[in-house]
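Trainee: Below you'll find the structure I mean.
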Amino acid sequence: MPSSLYLKQIELGPMENFIYLIGDPETREAAVVDPAWDVDTILKIAQQDEMNITKIFITHHHPDHTNGIEELLNHVQAKVYIQKAEAEFMKQIWSDTVKVESGDVIRVGNIPVTFLHTPGHTPGSQCFLLDNKLISGDTLFIGFCGRCDLPGGNPEQMYDSLYNRLGKLDGRTLLYPGHNYGKTPVSTLEEERKHNPYLQFQSLEDFVKFRMRR
Ligand SMILES: [Zn+2]
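Quick note on our numbering: the sequence shown kicks off at -6 and runs consecutively.
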């Protein structure tokens, strides 16, 4: 197990997106999760922290999570990791794109990151698990879950992702969402299982009715 981990949460853009820098403090290699809105700031923080960006991890294709990829690739040489099922929705596929599947483990330096496919917000939405931390994109927010009424959205899949796939993870797992929509920027799965209204349903049918109401 890695003894330490570099993780920086950066809020950028008009939609309160969270961009993440994750990496290995020993090898100084880092990945950017969902580069968007203000690439200069992302680069500046990486530089200040003496981290080298070698990978780009994408939770899903929506522009507020991806509109900085192109510009970032002008500054760093990095592979872009997207979920297999999300590839067809990407505006562009770069030559260095890697299509990943659920359960794949990619190392950033010596830090293993597990990719979890969590469809529902989009068909190829994915979360990243590193150590006891989950970066959840637009699948699970603090106090909310992602919308399922946009193209490719599917509330049945969202239920499965939240209750069965993420439901298997330890309650002490720290939750790092894709937007700053909650009372706090970070939560735990246990906290969300107790208080998040979207995690209180006993049946798929009730969840779908509730989720599609708004
Ligand atoms: Zn989205």
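Positions of the beta carbon are idealized from the N, C-alpha and C atoms, including for glycine.
Report, in whole angstroms, the separation of the C-beta atoms of T47 and N103, which I expect to be a contact under 8 Å.
Mentor: Locating residue 47 in the sequence shown gives position 54, where the first residue counts as 1. Locating residue 103 in the sequence shown gives position 110, where the first residue counts as 1. Not confirmed; about 13 Å, so no contact.
Trainee: Taking the runs of the beta strand (DSSP E) that are 3 residues or longer, which of them lie wholly in the region 157 to 187?
Mentor: 167 to 169
Trainee: Between V25, R158, H54 and L123, which lies nearest to L133 when the distance is taken from Cα to Cα?
Mentor: Numbered from 1 along the sequence shown, position 140 holds the residue referred to as residue 133. For the residues V25, R158, H54 and L123, the minimum Cα distance to L133 belongs to R158.
Trainee: Please work out which residues of its chain come closer than 8 Å, Cβ to Cβ, to E79, disregarding the five sequence neighbours upstream and downstream, and give them in chain order.
Mentor: On the sequence shown, residue 79 is found 86 positions in, with the first residue counted as 1. Contacts found: I51, H53, H54, T115, P116, G117, S118 and Q119.
Trainee: Pop quiz: S129 and P170 are said to be a contact at Cβ under 8 Å. What is the actual Cβ separation, rounded to whole angstroms?
Mentor: To locate residue 129, count along the sequence shown from 1; it is residue 136. To locate residue 170, count along the sequence shown from 1; it is residue 177. Indeed, because the Cβ distance is near 5 Å, the residues count as touching under 8 Å.
Trainee: Less than 9 Å separating the beta-carbons of Q76 and G113?
Mentor: In the sequence shown, counting from the first residue as 1, residue 76 sits at position 83. In the sequence shown, counting from the first residue as 1, residue 113 sits at position 120. Not in contact: Q76 and G113 (Cβ atoms no closer than 9 Å).
Trainee: Between G61 and ligand 1, is there a pair consisting of the residue's CB and a ligand heavy atom that are separated by less than 8 Å?
Mentor: In the sequence shown, the residue the question calls residue 61 occupies position 68. Every heavy atom of ligand 1 is 8 Å or more from the Cβ of G61, so no.
Trainee: Do D142 and ligand 1 come close, with the Cβ less than 8 Å from some heavy atom?
Mentor: The residue you call residue 142 lines up with position 149 of the sequence shown. False, no ligand heavy atom lies under 8 Å from that Cβ.
Trainee: Could I get the ranges of all uninterrupted beta strand (DSSP E) runs contained in the region 87 to 165, with 3 residues as the minimum, in chain order?
Mentor: Listed in chain order, the complete beta strand (DSSP E) runs (minimum 3 residues) inside the region 87 to 165 are 90 to 93, 98 to 101, 104 to 110, 119 to 123 and 126 to 128.
Trainee: Rank C141, L168 and H188 by C-alpha distance to the C-alpha of R206 and give the top, closest one.
Mentor: Residue numbering aside, residue 206 sits at position 213 when the sequence shown is read from its first letter. The option with the nearest alpha carbon to R206 is C141.
Trainee: Flag this pair as yes or no: are the beta carbons of L0 and I35 separated by less than 9 Å?
Mentor: Position 7 of the sequence shown, counted from the start, is the residue given in the question as residue 0. Position 42 of the sequence shown, counted from the start, is the residue given in the question as residue 35. Contact: no.
Trainee: In this structure, does DSSP put P(-5) in helix, strand or coil?
Mentor: Here residue -5 is taken as the residue at index 2 of the sequence shown, counted from 1. Note that P(-5) has pLDDT 45, beneath the 50 cutoff, so the model's placement of it is unreliable and no number is given.
Trainee: Going by the C-beta, is G113 closer than 8 Å to any heavy atom of ligand 1?
Mentor: Here the question's residue 113 lines up with position 120 in the sequence shown. Taken from the Cβ of G113, every heavy atom of ligand 1 lies 8 Å or farther away.
Trainee: So the beta strand (DSSP E) I46 belongs to, where does it begin and stop?
Mentor: Counting from one through the sequence shown, the residue named residue 46 turns up at place 53. Start and end: N45 to F50.
Trainee: Helix, strand or coil for K77 per DSSP?
Mentor: The residue you call residue 77 lines up with position 84 of the sequence shown. Helix.
Trainee: For P190, which option in Q41, F137 and I15 has the closest C-alpha, if you only look at C-alpha atoms?
Mentor: Residue mapping note: residue 190 aligns to position 197 of the sequence shown, counting from 1. The residue with the shortest Cα to Cα distance from P190 is F137.
Trainee: Among P144, K126, A29 and N173, which residue has its Cα nearest to the Cα of L162?
Mentor: Within the sequence shown, residue 162 is the residue found at index 169, counting from 1. Comparing Cα positions, the closest option is K126.
Trainee: Contact defined as beta carbons within less than 8 Å: I believe I135 pairs with E183. What is the distance between those atoms, to the nearest angstrom?
Mentor: Position 142 of the sequence shown, counted from the first residue, corresponds to residue 135. Position 190 of the sequence shown, counted from the first residue, corresponds to residue 183. That belief does not hold up - the Cβ atoms of I135 and E183 are roughly 13 Å apart, past 8 Å.
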